[in-house]
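Visitor: The structure under discussion is supplied below as structure tokens; questions concerning it will follow.
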Amino acid sequence: MDLIRDGHIAESIECPKQGIIPHDMVHFAVENVLHKRGFIGRVLEGEAASFQMQADSESDGVERLVEVFQADGWSGWSTAAADMLDLYQVTCTARHCAPLEVLAADIEAVRGKILELTAQWQSVPVGKSLTLQFVHGASAH
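If you count by the working numbering, then the sequence shown holds residues 10 to 150, one letter each, in order.
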């Protein structure tokens, strides 16, 4: 994945073909649909992409939600929204992270975007690319 800032590639991140879309594509869905600042938003704002970024309340909440969606993906994208919200609360508590305000409708909207991305990603041959437009904006809640 190439993150383009000011018309230039700011960071390049490997996105492997696996059973579900790559972790950073899940970030794309969560951040784009919920208009929350996470990994992608931070890199586009100028931070370097690294395995361990500085703690940030909103970004940390996004990361925990991405983890919950990945778990849902490995389970077939069929977990009830209420169960995902419960898992999100447990995950945030375990990581001492303030959860984002997320509703069942938000879960369904993000999942819809993830399923759309999944279909697009599955049709991309290995070694080829998929271009996505990231909408970086104000908080939805």
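Think of the CB as a built atom: it goes at the ideal place given N, C-alpha and C, for glycine as much as any other residue.
Predicted model, so just to flag it, every value in this text is computed and none were measured.
What is the residue span of the alpha helix (DSSP H) that Val39 lies within?
Guide: Counting from 1 along the sequence shown, the entry for residue 39 is found at position 30. From DSSP, the alpha helix (DSSP H) with Val39 extends over His32 to Leu43.
Visitor: Can you confirm whether the region 64-75 touches the region 38-45 when touching is taken to mean that 3 or more C-beta pairs between the two stretches lie within less than 8 angstroms?
Guide: Using a C-beta cut-off of 8 angstroms, the region 38-45 makes contact with the region 64-75, since at least three inter-stretch Cβ pairs fall below that distance.
Visitor: Would you decide whether Leu109 is buried or exposed? Buried here means 16 or more other CB atoms lie within 10 Å of its CB.
Guide: Here residue 109 is taken as the residue at index 100 of the sequence shown, counted from 1. So Leu109 ends up on the buried side.
Visitor: Near Leu96, which residues of its chain fall below 6 angstroms by C-beta distance, leaving aside the five closest residues on each side in sequence?
Guide: Reading the sequence shown from its first residue, position 87 is the one you call residue 96. For Leu96, where only same-chain residues beyond five positions count, the Cβ hits under 6 angstroms are Val77.
Visitor: So, under 8 angstroms CB-CB, Phe143 and Ile49 are touching, yes? Tell me the CB distance rounded to an integer number of Å.
Guide: Taking the first residue of the sequence shown as 1, we reach residue 143 at position 134. Taking the first residue of the sequence shown as 1, we reach residue 49 at position 40. Going by Cβ atoms, the distance from Phe143 to Ile49 rounds to 6 angstroms, so yes, they are a contact pair.
Visitor: With a threshold of 16 other CB atoms inside 10 Å of the CB of Ala114, please say whether the residue is buried or exposed.
Guide: In the sequence shown, residue 114 corresponds to position 105, counting from 1. Label assigned to Ala114: exposed.
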